[in-house]
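Residue 368 in the UniProt record's numbering sits at position 368 of the sequence shown, and the numbers go up by one each step. Backbone N, C-alpha and C define an ideal beta-carbon position, used for all residues, glycine too. Each remark here refers to the structure printed beneath this line.
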Amino acid sequence: MNHLSSVLDFVPLSPAQLLAAGGRQATTPAALVGGTPVLWVGEPFATPGRGFWAKLEGHNPGGIKDRAALYMVQAARERGQLLAGARIVESTSGTLGLGLALAGIAYGHPVSVVTDPGMEPQVAGLLRAYGAEIHTVSEPHPAGGWQQARRERVGELLAAYPDAWCPDQYNNPDNVAAYRPLAHELVAQLGRVDTLVVSVGTGGHSAGVGRVLRGFFPALRVVGVDTCGSTIFGQPAGTRLMRGLGSSIYPGNVAYELFDEVHWVAAPEAVWAARALANTQYATGGWSVGAVALVARWIARTCAAEDRIAVVFPDGPHRYVSTVFDDDWCRTHQLLGHTPAEDPLEIERPADTVVSRWARCRTVERPHPALGTEPAGSGLVGVTR
Ligand SMILES: Cc1ncc(COP(=O)(O)O)c(C=O)c1O
1 MNHLSSVLDF
11 VPLSPAQLLA
21 AGGRQATTPA
31 ALVGGTPVLW
41 VGEPFATPGR
51 GFWAKLEGHN
61 PGGIKDRAAL
71 YMVQAARERG
81 QLLAGARIVE
91 STSGTLGLGL
101 ALAGIAYGHP
111 VSVVTDPGME
121 PQVAGLLRAY
131 GAEIHTVSEP
141 HPAGGWQQAR
151 RERVGELLAA
161 YPDAWCPDQY
171 NNPDNVAAYR
181 PLAHELVAQL
191 GRVDTLVVSV
201 GTGGHSAGVG
211 RVLRGFFPAL
221 RVVGVDTCGS
231 TIFGQPAGTR
241 LMRGLGSSIY
251 PGNVAYELFD
261 EVHWVAAPEA
271 VWAARALANT
281 QYATGGWSVG
291 AVALVARWIA
301 RTCAAEDRIA
311 VVFPDGPHRY
321 VSTVFDDDWC
331 RTHQLLGHTP
341 AEDPLEIERP
351 ADTVVSRWAR
361 CRTVERPHPA
371 LGTEPAGSGL
381 VGVTR
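So, in structure tokens, the structure goes:
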């Protein structure tokens, strides 16, 4: 008998261990959403003694957006905005699409997802397998880029299906409220949170988690993480490879008042961090996970040693096998061999400098009075969701 099987066979388990070993029991797939674990990320990824807690949202059936999709659909049904059996139509680059496919199965709605050619084939394949219909726009809008082109296609589909309902994740307050349980889970799991590090796309999970945690811990430091080339925090629109976080519009759900600071991360830096995490921690993810982990690693090194840092990892690595974790793809996009700097570039105000590497700004302000509108002339190649 080898060592492992002898351990497995003969170590007696306590009743609590037996219960934990039994895992969760669910009668519907939607009941598996939430209650995700936290993992301590310490050395060698982080400086010895200076780690952070990662909330592993990749343990949801689809990813973090399962929470938002189920909540938005349930609320729209209760309000009578989404009728029984009516179609759900939304613009997404993937994660919300997976959540909506789950909600469609759970509540009996057909789902149409509008996306662009940047959607990973693995995600498109999964969405089709889950029964969603995919509409891919072929050309960016001349002024508003891919995101505007997708929004226009959503409009066409809504006109074609008179009963159809669009969640509008950028402006729907339910996409914020959906994340309150995540905050309560963090309180139960960690007891105290001094710093929250979150990526920002629609602004949904940062606003939902951040507001509740601030209620518990008024001195909470909230750190937003965006991508270079994203307009959300007042940088000009630029070319973006990174998906999930970042945007080419000003989403109405972003809670600007909540953030103490914002960091922008470039694609090679996020790739470095996602790969370093995989190599040292096993738990990893894609663009947003790499970006928040890079920032959290620095925060852990530079803040007070006793501070407790919670970092939301929105999904796992599987969707990124043909991009972030593919050497040829990364070489083609010149993403390999860039070890990030030890510290971010510090800028005074977002409009001061156009950043193309990891940068930090402690002045966070609403960049545009007309939130929810597309900045003129943003001929973008990348889009969020
Ligand atoms: C992988 C990933 N990371 C981060 C985000 C940003 O989350 P939010 O839209 O809640 O700001 C998203 C949003 O879709 C995502 O899909």
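Along the chain, where does the alpha helix (DSSP H) that runs through residue 90 open and close? Careful: residue 90 lies outside any alpha helix (DSSP H), inside the beta strand (DSSP E) at 88-91.
In chain order, what residues of the same chain lie with their CB nearer than 6 Å to the CB of residue 66, ignoring the 5 residues before and after it? 33, 60, 99 and 102
Any contact of the segment 131-151 with the segment 105-116, i.e. 3+ C-beta pairs under 8 Å? yes
Backbone secondary structure at residue 358 - three-state DSSP: Residue state, collapsed to three classes: coil.
Cβ-heavy atom distance, residue 205 to ligand 1, below 7 Å: yes
What first and last residue would you give for the beta strand (DSSP E) that runs through residue 310? 309-313
Is the beta carbon of residue 312 less than 8 Å from the beta carbon of residue 154? The answer is no: Cβ separation not under 8 Å.
Does residue 216 come out as helix, strand or coil in the three-state DSSP assignment? Residue state, collapsed to three classes: helix.
Within 8 Å, strictly: CB atoms of residue 322 and residue 122: Yes. Within cutoff.
For residue 376, which residues of its own chain have a beta-carbon under 8 Å away from its beta-carbon, when the five flanking residues on both sides are left out? Low per-residue confidence applies at residue 376: pLDDT is 34, beneath 50, and the placement is therefore not dependable, though the value from the model is reported in the following sentence. If we look at residue 376 and ignore the five residues flanking it on each side, its Cβ neighbours are 143.
Are residue 295 and residue 254 touching if we call contact CB-CB under 8 Å? no
Over what stretch of residues does the beta strand (DSSP E) that includes residue 66 continue unbroken? Counted as a single uninterrupted DSSP element, the stretch harbouring residue 66 is not any beta strand (DSSP E) but the alpha helix (DSSP H) occupying residues 65-79.
Where residue 160 sits in the DSSP three-state scheme: helix
Quick test of the definition: if touching needs 3 or more C-beta pairs under 8 Å, does the segment 352-366 touch the segment 231-251? Counting Cβ pairs under 8 Å, three or more are found: they touch.
Do you know whose CA, among 127, 52 and 368, lies nearest residue 350's CA? The shortest Cα separation from residue 350 among 127, 52 and 368 belongs to 368.
Can you tell me whether residue 174 is helix, strand or coil according to DSSP? In this structure, residue 174 counts as helix in the three-state DSSP scheme.
Once the 5 residues before and after residue 88 are set aside, which same chain residues still bring their CB inside 8 Å of it? Once the five neighbours on either side are set aside, the close Cβ partners of residue 88 are 73, 82, 100, 103, 104, 109, 110, 111, 112, 164, 165, 166 and 167.
Three-state secondary structure (DSSP) of residue 327: helix
Near residue 17, which residues of its chain fall below 6 Å by C-beta distance, leaving aside the five closest residues on each side in sequence? none
Over what stretch of residues does the beta strand (DSSP E) that includes residue 199 continue unbroken? 195-199
Enclosing beta strand (DSSP E) for residue 57 [first to last residue]: That residue, residue 57, is in no beta strand (DSSP E); it is neither H nor E in DSSP.
Assess contact between the segment 180-190 and the segment 256-265, defined as three or more Cβ pairs (one per stretch) separated by less than 8 Å. Is contact present? no
Of the residues 199, 337 and 299, which one's Cα is nearest the Cα of residue 275? Among 199, 337 and 299, the Cα nearest to that of residue 275 is on 337.
Opposite residue 45 in the DSSP bridges: which residues? According to DSSP, residue 45 bridges with nothing at all.
Could you pull the DSSP bridge partners for residue 118 from this structure? DSSP, once it has assigned bridges, lists no residue as partnering residue 118.
How many whole angstroms separate the CB atoms of residue 176 and residue 245, which I take to be in contact at a CB cut-off of 8 Å? In fact, because the Cβ distance is near 16 Å, the residues do not count as touching under 8 Å.
To the nearest angstrom, how far is it from the Cα of residue 384 to the Cα of residue 14? For residue 384, the predicted structure reports a pLDDT of 34, less than 50, and the residue's modelled location is therefore unreliable. The matter cannot be settled from this model.
Range covered by the alpha helix (DSSP H) that runs through residue 95: It spans 95-107 - the alpha helix (DSSP H) in which residue 95 sits, taken as one unbroken run.
Roughly how many whole angstroms lie between the Cα atoms of residue 42 and residue 49? 7 Å
Going by DSSP, what residue range makes up the beta strand (DSSP E) through residue 165? Counting along the chain, residue 165 falls outside any beta strand (DSSP E), and DSSP gives it neither H nor E.
By Cβ distance below 6 Å, which residues in the same chain neighbour residue 293 in space, the five residues on each side in sequence not counted? 273 and 277
Exposed or buried, residue 174, counting other C-beta atoms within 10 Å across all chains shown (16 or more means buried)? buried
Span of the alpha helix (DSSP H) holding residue 23? Careful: residue 23 lies outside any alpha helix (DSSP H) and carries neither H nor E.
Proximity test, residue 48 beta-carbon vs ligand 1 heavy atom, cut-off 7 Å: no
Please report the residue range of the alpha helix (DSSP H) in which residue 366 lies. First-last for residue 366: undefined, no H or E at that position.
Output the residue ranges of the beta strand (DSSP E) runs that lie fully inside the segment 237-308 and measure 3 residues or longer, sorted by chain position. 261-265
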